[in-house]
Amino acid sequence: KNDPRAQRSLPLAAHALLALQQAKGSDILYRNAISKALEYVARELSPDLDAYTLALVSYALALDRHPRTSEALQLLDKHSNATGSTLFWSRKIYGAEWKNPWLKGNSLEAATAAWGLKAMLASKLVEEATPVARFLLQSYRLHDQDPDVLDALAEYSAAIKTSTKLRVSVNVTGLEEPRQFTIDDDNALIVQTQLVRSARSALAVTEGRGVAVVGLSAKGSTNVTAAWPRYTLDPRVDQVSTKYRLQLSICVGFVAQGNETESGLTLLTVQLPSGYLADINTLTELTA
């Protein structure tokens with residue numbers, strides 16, 4: 001996990017506990033390790049934990065039917081956000097940061113919802129879990145497939161699966177030519193896509209039986225500086241540079257909100273002018 005929240009002691013212990021439960025849960029040689037990890041995770045449960053950690057801990061406790069599972073879910077509920085027919089959990093937002101568009105539908109919320117959904121399913125709260133599954137389906141992106149999200153949705157699909165054969169038809173209108181998708185048992189695992197080049201509006205009507213994912217996404221290009229930059233970038237040309245050698249000092253900074261002191265993974269890409277080669281030997285370390 002690149003997110004620092006996943007690297008702290010409690011969520012890290014919960015991840016290890018889940019790995020042992022799922023891979024070695026029936027192995028008597030690992031039962032003692034599982035019991036000790038479960039005891040630690042349950043003991044560290046507190047109202048001060050963030051939503052991500054609470055969702056992860058809730059799932060780890062629910063898998064073992066621990067008596068503190070209900071308490072963990074109740075603590076997680078304090079971070080809940082219900083919008084229409086969806087439910088998810090988010091971190092605390094300070095001041096005017098609630099207007100920040102980068103905080104809406106981010107990967108942290110998706111990961112938290114995935115673990116929360118798993119915890120609810122493990123606790124047999126299938127009906128109550130439907131709004132969470134709906135949130136994950138609405139925030140799902142084909143180009144950014146989080147394995148935890150996919151796994152949670154697969155578990156939800158298995159939990160509500162019926163004996164009825166899958167057959168869902170989707171009719172899209174408002175385009176130059178109407179489009180139709182048919183999703184059944186033969187193509188259930190095939191991603192069907194159709195390109196919509198130019199349309200002011202599109203209407204999709206679905207009918208049938210079963211669980212299927214239908215989405216419409218749009219791409220645009222704007223040249224606007226974000227009102228809420230999460231990072232600052234300051235590249236400068238050093239005075240020792242010549243026409244034969246270019247030396248740069250590049251400083252990147254994280255713009256924190258509230259009491260945050262760290263961020264997740266940061267990727268810095270530097271493109272050189274044509275004809276220049278990077279001197280790898282001088283890139284010895286990054287300083288903070």
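So the sequence shown is numbered by full-length UniProt numbering: it starts at 1 and just counts up by one. Glycine included, every Cβ here is placed at the ideal spot set by N, Cα and C.
Of the choices the options, whose alpha-carbon is the least far from that of residue i?
{"i": "LEU150", "options": "SER169, TYR40, THR112, SER90", "result": "THR112"}
{"i": "SER90", "options": "THR130, TRP115, ASP238", "result": "TRP115"}
{"i": "VAL196", "options": "GLU176, THR206, GLU207", "result": "GLU176"}
{"i": "GLN257", "options": "VAL240, TYR231, GLN271", "result": "TYR231"}
{"i": "ASP279", "options": "CYS251, GLN247, VAL252", "result": "GLN247"}
{"i": "VAL252", "options": "ARG245, ARG236, TYR244, VAL240", "result": "ARG236"}
{"i": "ARG188", "options": "VAL214, LYS36, THR282", "result": "It should be noted that the sequence gives Ala, not Arg, for residue 188. Of the listed residues, the one whose Cα sits closest to ALA188 is VAL214."}
{"i": "GLU128", "options": "LEU63, ALA159, SER139", "result": "ALA159"}
{"i": "VAL205", "options": "GLY174, THR69, ASP234, TYR52", "result": "GLY174"}
{"i": "SER241", "options": "TYR276, GLY208, ALA122", "result": "TYR276"}
{"i": "ASN32", "options": "LEU153, SER123, LEU20", "result": "LEU20"}
{"i": "SER26", "options": "ALA13, LEU63, ARG8", "result": "LEU63"}
{"i": "GLU260", "options": "GLN22, ASP48, LYS92, THR83", "result": "LYS92"}
{"i": "ILE12", "options": "GLN271, LEU272, LEU38, PRO147", "result": "Just to set this straight, residue 12 is Leu in the shown sequence, not Ile. Among GLN271, LEU272, LEU38, PRO147, the Cα nearest to that of LEU12 is on LEU38."}
{"i": "SER274", "options": "THR282, SER249, VAL255, TYR244", "result": "TYR244"}
Would residue i pass as a contact of residue j if the rule is Cβ separation under 8 Å?
{"i": "SER80", "j": "ARG134", "result": "no"}
{"i": "LEU117", "j": "VAL132", "result": "yes"}
{"i": "LEU18", "j": "TYR59", "result": "yes"}
{"i": "VAL191", "j": "GLN180", "result": "no"}
{"i": "ALA16", "j": "LEU45", "result": "no"}
{"i": "VAL168", "j": "GLY210", "result": "yes"}
{"i": "LEU203", "j": "ASP184", "result": "no"}
{"i": "SER123", "j": "THR69", "result": "yes"}
{"i": "ARG110", "j": "LEU136", "result": "This sequence places Ala at residue 110; Arg is not what is there. Yes, they are a contact pair."}
{"i": "LEU121", "j": "TYR156", "result": "yes"}
Between which two residues does the alpha helix (DSSP H) harbouring residue i extend?
{"i": "SER70", "result": "69-77"}
{"i": "THR112", "result": "107-122"}
{"i": "LEU10", "result": "9-24"}
{"i": "ASN81", "result": "It is not in any alpha helix (DSSP H) - ASN81 instead sits in the beta strand (DSSP E) that spans 80-83."}
{"i": "VAL41", "result": "31-43"}
{"i": "SER157", "result": "147-159"}
{"i": "ARG91", "result": "It is not in any alpha helix (DSSP H) - ARG91 carries neither H nor E in the DSSP assignment."}
{"i": "GLU128", "result": "126-138"}
How is residue i classed by DSSP in three states: helix, strand or coil?
{"i": "ALA202", "result": "coil"}
{"i": "GLN271", "result": "coil"}
{"i": "ASN100", "result": "coil"}
{"i": "VAL211", "result": "coil"}
{"i": "VAL57", "result": "helix"}
{"i": "ASN259", "result": "coil"}
{"i": "THR193", "result": "coil"}
{"i": "ASN187", "result": "coil"}
{"i": "TYR276", "result": "coil"}
{"i": "THR282", "result": "helix"}
{"i": "ASN223", "result": "Low confidence applies to ASN223: its pLDDT is 48, below 50, so where it sits in the model is not reliable, and the reading given next is rough at best. Looking at ASN223 - three-state DSSP - the assignment turns out to be coil, as it is neither helix nor strand."}
Along the chain, where does the beta strand (DSSP E) containing residue i start, and where does it finish?
{"i": "THR182", "result": "179-184"}
{"i": "THR65", "result": "Per the sequence presented here, residue 65 reads as Arg, with Thr not at that position. Premise fails: ARG65 is in no beta strand (DSSP E) and is neither H nor E."}
{"i": "VAL168", "result": "167-173"}
Any C-beta of chain D sitting closer than 8 Å to the C-beta of residue i?
{"i": "GLN138", "result": "The structure shown contains no chain D; it is built from a single protein chain."}
Inside the segment 229-255 only - beta strand (DSSP E) runs reaching at least 3 residues = 231-237, 248-254
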